[in-house]
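With the first letter of the sequence shown counted as 1, position 232 gets the number 232 in UniProt numbering; the numbers rise by one all the way through. A virtual CB, placed ideally from N, CA and C, is assigned to each residue, including glycine. Note that this is a predicted model, so its numbers are computed, not measured.
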Amino acid sequence: EVELTDELGIEALPKQTYERTRRRPFVFNIMVAGETGLGKTTFMNTLFNTDLTEEILPKCSTHPSMAGMLTRCTHTLCATELTENGVTLNLTVIDTPGFGDQLNRESNLLPIVEYIDEQFDAYLKAERSPNFRMAIPDTRVHALLYFITPTGSRLKELDIEFLKTLSNKVNVIPIIAKADALTPKERAAYKQSILGDINRCGIPIYPTAFTDEQENIQDIEQYIPFSVIGSDRLVEVEGRKVRGRVYRWGTVAVEDENHCDFVHLRRMLMDTCLADLIETTHTHHYANYRAGQLRA
1 EVELTDELGI EALPKQTYER TRRRPFVFNI MVAGETGLGK TTFMNTLFNT
51 DLTEEILPKC STHPSMAGML TRCTHTLCAT ELTENGVTLN LTVIDTPGFG
101 DQLNRESNLL PIVEYIDEQF DAYLKAERSP NFRMAIPDTR VHALLYFITP
151 TGSRLKELDI EFLKTLSNKV NVIPIIAKAD ALTPKERAAY KQSILGDINR
201 CGIPIYPTAF TDEQENIQDI EQYIPFSVIG SDRLVEVEGR KVRGRVYRWG
251 TVAVEDENHC DFVHLRRMLM DTCLADLIET THTHHYANYR AGQLRA
């Protein structure tokens with residue numbers, strides 16, 4: 001370690017990095033998967049407080065660079081730009097319609113695996129190109145939200161197969177969909193059952209298996225797998241308008257921690273672990289893919 005006698009100004013580096021980062025938009029690509037009818041689109045609308053279907057899909061249908069992927073992989077891509085306090089996030093949501101509808105497990109998994117690998121391959125080709133640029137367009141999937149049916153029993157074989165296959169390619173975050181179908185006691189028992197299956201099968205899920213930000217996830221671990229509720233309706237609760245659902249027995253508020261884990265999942269995705277999800281994709285999942293391709 002060298003002791004400096006005069007100040008060089010290197011203490012300004014974090015500020016310079018911060019300012020440079022603010023000027024360059026963040027890119028975050030998130031995929032949603034799960035059986036039909038689990039409310040994936042409604043949940044994503046709730047998460048980002050916008051109507052992805054109406055506002056964004058028409059724009060994407062005319063995007064030339066996405067057209068081939070849509071045809072080959074039968075995915076729906078939604079892209080939008082979110083800005084908050086001077087920070088811009090270019091968000092892409094990749095849906096997987098029809099997952100779980102095929103009798104053959106491979107038919108359910110193959111399009112998703114191919115899509116993820118195609119994005120890795122495109123990034124690798126850009127890296128190896130003689131026209132290499134530092135700012136390579138990043139279409140790699142940074143997070144995959146996997147929606148689990150609220151049966152209250154155990155994971156289905158399809159769920160286990162999916163998690164085992166995809167968790168080594170992408171940051172998989174398991175989610176119990178439509179959590180208002182379960183009582184709090186049933187929900188707690190179902191979470192333990194799912195975690196038991198995940199541990200028994202040695203499935204590495206995010207964030208516990210990958211992130212280095214252990215201090216940041218200590219409060220989050222207790223909610224995994226996250227139980228969520230989606231709603232595109234505003235209902236009145238104690239004089240306030242909130243997103244929720246009205247039943248004969250009462251009202252469920254999406255952001256009420258007593259009803260589901262929505263606020264904890266949103267905090268992890270958009271606050272605590274956003275940068276780590278992007279970094280882990282590059283340093284772990286993409287690095288593994290790249291090493292395999294270079295060995296081939």
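Straight-line gap, lysine 59 to cysteine 78 (C-alpha atoms, nearest Å): Position 59 of the sequence shown, counted from the start, is the residue given in the question as residue 59. Position 78 of the sequence shown, counted from the start, is the residue given in the question as residue 78. The predicted model places lysine 59 with a pLDDT of 41, which falls under 50 and marks its position as unreliable, so this point remains unresolved.
Cβ neighbour criterion (16 or more within 10 Å) applied to leucine 155: Position 155 of the sequence shown, counted from the start, is the residue given in the question as residue 155. It counts as buried.
Uninterrupted alpha helix (DSSP H) stretches inside the stretch 139-206 (no shorter than 4 residues): Restricted to the stretch 139-206, the alpha helix (DSSP H) segments that are unbroken, complete and at least 4 residues in length are 157-166, 184-200, listed in chain order.
Valine 32 and phenylalanine 147 closer than 8 angstroms at C-beta: To locate residue 32, count along the sequence shown from 1; it is residue 32. To locate residue 147, count along the sequence shown from 1; it is residue 147. Contact flag set, yes.
For threonine 42 and residue 297, believed in contact at Cβ under 8 angstroms, the rounded distance: In the structure as shown, the chain begins at 1 and stops at 296. Residue 297 is therefore absent and cannot be evaluated.
Boundaries of the beta strand (DSSP E) in which valine 246 is found, first to last residue: Counting from one through the sequence shown, the residue named residue 246 turns up at place 246. Here the beta strand (DSSP E) through valine 246 covers 240-247.
Counted within 10 angstroms of its Cβ, other Cβ atoms place lysine 241 as buried (16 or more) or exposed: As a position in the sequence shown, residue 241 is number 241, starting the count at 1. By the Cβ-count criterion, lysine 241 is exposed, with fewer than 16 other Cβ atoms from all chains shown falling within 10 Å of its own Cβ.
CB of threonine 139 within 8 angstroms of CB of asparagine 29, strictly: As a first step, residue 139 must be located in the sequence shown, where it is residue number 139. As a first step, residue 29 must be located in the sequence shown, where it is residue number 29. In this structure, asparagine 29 lies closer than 8 angstroms to threonine 139 by Cβ.
Cβ-based burial, tyrosine 289 [other Cβ within 10 Å; buried from 16]: Within the sequence shown, numbered from 1, the residue matching residue 289 stands at position 289. The residue in question, tyrosine 289, is buried, as its Cβ has 16 or more Cβ neighbours within 10 Å.
Classification of cysteine 201 by the beta-carbon crowding that lies within 10 angstroms, buried from 16 upward: Sequence index remark: in the sequence shown, residue 201 carries index 201 (1-based). Around the beta-carbon of cysteine 201, fewer than 16 other beta-carbon atoms lie within 10 Å, marking it exposed.
Under the three-state DSSP convention, the category aspartate 276 falls into: Taking the sequence shown and counting its residues from 1, the one referred to as residue 276 is at position 276. In the three-state DSSP reduction, aspartate 276 falls in the helix class (H, G or I).
Separation of phenylalanine 120 from valine 237, as counted between CA atoms: The count along the sequence shown starts at 1 and reaches residue 237 at position 237. The count along the sequence shown starts at 1 and reaches residue 120 at position 120. Rounded to whole angstroms, valine 237 to phenylalanine 120 spans 45 angstroms at the Cα level.
Whole-Å CB distance - aspartate 261 paired with valine 228, under 8 angstroms assumed: Taking the first residue of the sequence shown as 1, we reach residue 261 at position 261. Taking the first residue of the sequence shown as 1, we reach residue 228 at position 228. With a beta-carbon spacing of about 6 angstroms, aspartate 261 and valine 228 fall inside the 8 angstroms limit used to define contacts.
Cβ-based burial, arginine 266 [other Cβ within 10 Å; buried from 16]: Here the question's residue 266 lines up with position 266 in the sequence shown. Buried, since its Cβ has 16 or more Cβ neighbours within 10 Å.
Within 8 angstroms, strictly: CB atoms of threonine 208 and isoleucine 194: Indexing the sequence shown from 1 puts residue 208 at position 208. Indexing the sequence shown from 1 puts residue 194 at position 194. In this structure, isoleucine 194 does not lie closer than 8 angstroms to threonine 208 by Cβ.
Cut-off 8 angstroms between Cβ atoms - residues of its own chain near threonine 183, not counting five sequence neighbours on either side: Numbered from its first residue, the sequence shown carries residue 183 at position 183. Once the five neighbours on either side are set aside, threonine 183 has no close Cβ partner at all.
For isoleucine 229, three-class secondary structure by DSSP: Numbered from its first residue, the sequence shown carries residue 229 at position 229. Looking at isoleucine 229 - three-state DSSP - the assignment turns out to be coil, as it is neither helix nor strand.
Classification of serine 129 by the beta-carbon crowding that lies within 10 angstroms, buried from 16 upward: Locating residue 129 in the sequence shown gives position 129, counting from the first residue. Around the beta carbon of serine 129, fewer than 16 other beta carbons sit within 10 angstroms, so the residue counts as exposed.
Beta-carbon separation (whole angstroms), isoleucine 220 vs methionine 268, contact threshold 8 angstroms: Locating residue 220 in the sequence shown gives position 220, where the first residue counts as 1. Locating residue 268 in the sequence shown gives position 268, where the first residue counts as 1. So it is a contact: roughly 5 angstroms between Cβ atoms.
Cβ neighbour criterion (16 or more within 10 Å) applied to lysine 169: Translated into the one-based positions of the sequence shown, residue 169 becomes position 169. Counting C-beta atoms within 10 angstroms of its own C-beta, lysine 169 has 16 or more neighbours from the protein chains shown and is therefore classed as buried.
Where leucine 27 falls: helix, strand or coil (DSSP): For this step, residue 27 is matched to residue 27 along the sequence shown. Here the sequence assigns valine to residue 27, which means leucine is not the residue at that position. Valine 27 falls in the strand class under three-state DSSP.
Contact under 8 angstroms by Cβ, leucine 110 with phenylalanine 26: Here residue 110 refers to the residue found at position 110 when the sequence shown is read from its first residue. Here residue 26 refers to the residue found at position 26 when the sequence shown is read from its first residue. Contact check for leucine 110 against phenylalanine 26 fails: the beta carbons are separated by 8 angstroms or more.
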